[in-house]
Amino acid sequence: MKKISVIIVTYNSLDDIVNCIHSIYNQNDLLIEEIEIVVVDNSTLEIYNQMNKLISDNFHNIKVIHNPSNGGYGQGNNVGIREANSEIVCVANPDIILQQPMFKKVIKLFQDNKKLALVGGKQLGGINLSFWIRPEYEFFIFTTPLMSLLNRLNVYFEKFFFLSGALLFIDKTKFEKIGLFDENFFLYREESDITKRFLINNFTTHFEKSFVYKHLVDDRTNISLSSFEEEMKSTKYYLEKFNYSFPKFLFQRVYSYNILKCLFLLVGNKKFYNKTMQYLGRFKNIKNKKL
Numbered sequence: 595m596k597k598i599s600v601i602i603v604t605y606n607s608l609d610d611i612v613n614c615i616h617s618i619y620n621q622n623d624l625l626i627e628e629i630e631i632v633v634v635d636n637s638t639l640e641i642y643n644q645m646n647k648l649i650s651d652n653f654h655n656i657k658v659i660h661n662p663s664n665g666g667y668g669q670g671n672n673v674g675i676r677e678a679n680s681e682i683v684c685v686a687n688p689d690i691i692l693q694q695p696m697f698k699k700v701i702k703l704f705q706d707n708k709k710l711a712l713v714g715g716k717q718l719g720g721i722n723l724s725f726w727i728r729p730e731y732e733f734f735i736f737t738t739p740l741m742s743l744l745n746r747l748n749v750y751f752e753k754f755f756f757l758s759g760a761l762l763f764i765d766k767t768k769f770e771k772i773g774l775f776d777e778n779f780f781l782y783r784e785e786s787d788i789t790k791r792f793l794i795n796n797f798t799t800h801f802e803k804s805f806v807y808k809h810l811v812d813d814r815t816n817i818s819l820s821s822f823e824e825e826m827k828s829t830k831y832y833l834e835k836f837n838y839s840f841p842k843f844l845f846q847r848v849y850s851y852n853i854l855k856c857l858f859l860l861v862g863n864k865k866f867y868n869k870t871m872q873y874l875g876r877f878k879n880i881k882n883k884k885l
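The sequence shown begins at 595 in the working numbering and counts up by one.
#1: Given residue 811, which residues of its chain have a CB within under 6 Å of its CB, disregarding the five upstream and five downstream residues?
#2: Skipping 5 residues on each side, what residues in its chain have a beta carbon closer than 8 Å to that of residue 779?
#3: For residue 654, count neighbouring Cβ atoms within 10 angstroms of its own Cβ and tell me buried if that reaches 16, exposed if not.
#4: Checking the sheet assignment: what are the DSSP bridge partners for residue 691?
#5: Would you grab the beta carbon distance between residue 874 and residue 852 for me? Rounded to a whole angstrom, and I think it's under 8 Å.
#6: Count the other CB atoms within 10 Å of the CB of residue 670; is the residue buried (16 or more) or exposed (fewer)?
#7: From this set, 599, 806, 797, 614, which residue's C-alpha is nearest residue 679's C-alpha?
#8: Within 10 angstroms of its Cβ, does residue 595 collect 16 or more other Cβ (buried), or is it exposed?
#9: Report yes if the C-beta distance between residue 700 and residue 682 is below 8 Å; otherwise report no.
#10: Less than 8 Å between the C-beta atoms of residue 867 and residue 859, yes or no?
#11: How is the alpha helix (DSSP H) around residue 738 delimited, first residue to last?
#12: Taking 8 Å as the threshold, find out whether the region 606-625 comes into contact with the region 638-652 through three or more Cβ pairs.
#13: Which residues bound the beta strand (DSSP E) around residue 761?
#14: By how many angstroms is the C-alpha of residue 842 removed from the C-alpha of residue 765?
#15: Does DSSP put residue 727 in a helix, a strand or coil?
#16: CB residue 690 to CB residue 614, shorter than 8 Å?
#17: Is residue 865 near the ligand SAM, going by C-beta to nearest heavy atom under 7 Å?
#18: Where residue 822 and residue 643 are concerned, what is the direct C-alpha to C-alpha distance, given to the nearest angstrom?
#19: Distance, Cα to Cα, residue 641 vs residue 616?
#20: Which residue wins for smallest C-alpha separation from residue 887, given the options 697, 687, 717, 751?
#21: Leaving out five residues before and five after residue 688 in sequence, what residues of the same chain have Cβ atoms less than 6 Å from its Cβ?
#22: Grouping DSSP H, G and I as helix and E and B as strand, with all else coil, what is residue 654?
And the structure:
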């Protein structure tokens, strides 16, 4: 019987997938027949064929599914979760590398707490953020340094935060009860959404600092305009879904960037001043965009 199903949604991830899967097997502390790996590829047929061959050349018994509709991160994970044959699913990005065994401890956490629905670990990579504050509680200029500090101290409050979606362990039955990933999100804010819905249904989440993994990303402070607009589209949908104010969210961002603009101008940091002005302009313009 499978005890953990690892779901990996890929998109043009040929450079990452082999190292990711190797790390899963290398750090597996269960019997080999007790885990399964399901890869859902959102790429074109050409890339999928390359992905399928790459995986079959290096591993055995891994299911690779082509998902040509590419409905986004959540929809791809839903495809994989429905194929899962275990009660615990692990949603993993293709660019993560497990640093130590954790599967047995994951199983025990769920066994010991019948309300537990979601577990995340300690992320190393980029700016080392394992969790972040949900949009309804965010006030950028104040919460950003606070979140950096709390991540260093490993202090997690499920009432206000969400866990990084790069590596999540989820109770499949509880997840099915809340409707799996909301496929109206294409990218961004999925973690906030599932956390919110788990809490509404009286389930709990948990941050486990001993579950260390590397996430092979940069600091992600520079994102394209299209990615920024996709993030704002998801933020607007999330806030309105739970009866929060998107204009209020935009106000606090504009207010925060105006303060940062003055600070960077005062200290003469041209690089951060220019970056701040770029994002200040984006947030001002988003008010007039039809998302």
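C-beta: ideal position from N, C-alpha, C; glycine also. On a predicted model such as this, the values are computed, not experimentally measured, just so you know.
Taking the definition as stated:
#1: Apart from the 5 residues on each side of it in sequence, residue 811 sits with its Cβ closer than 6 Å to the Cβ of 719, 720 in its chain, given in chain order.
#2: Taken in chain order, the residues that qualify are 666, 667, 668, 787, 828, 831, 832.
#3: Exposed, because fewer than 16 other Cβ atoms sit within 10 Å of the Cβ of residue 654.
#4: Under DSSP, residue 691 forms a beta bridge with 808.
#5: Right, their Cβ atoms sit about 7 Å apart.
#6: If you draw a 10 Å sphere on the C-beta of residue 670, you find 16 or more other C-beta atoms in it, and that means buried.
#7: Closest option to residue 679, Cα to Cα, is 599.
#8: Per the 10 Å Cβ criterion, exposed.
#9: Cβ atoms of residue 700 and residue 682: closer than 8 Å.
#10: Cβ distance < 8 Å, so residue 867 and residue 859 count as in contact.
#11: Start and end: 734-747.
#12: Yes, since at least three Cβ pairs between the region 606-625 and the region 638-652 fall closer than 8 Å, the two stretches touch.
#13: Judged by DSSP secondary structure, residue 761 falls within the beta strand (DSSP E) whose first and last residues are 761-765.
#14: Between the C-alpha atoms of residue 765 and residue 842 there is a straight-line separation of about 34 Å.
#15: Strand at residue 727.
#16: Yes, these two residues count as a Cβ contact at 8 Å.
#17: Among the components modelled here there is no ligand, and therefore nothing to report on the ligand SAM.
#18: The C-alpha of residue 643 is placed about 31 Å away from the C-alpha of residue 822.
#19: Looking at the two C-alpha atoms, the distance is approximately 20 Å.
#20: Beyond the ends of the chain as shown, which are 595 and 885, falls residue 887; an answer cannot be given.
#21: Excluding positions up to five away in sequence, the list reads 602, 604, 607, 610, 611, 614.
#22: DSSP, read as helix, strand or coil, puts residue 654 in coil.
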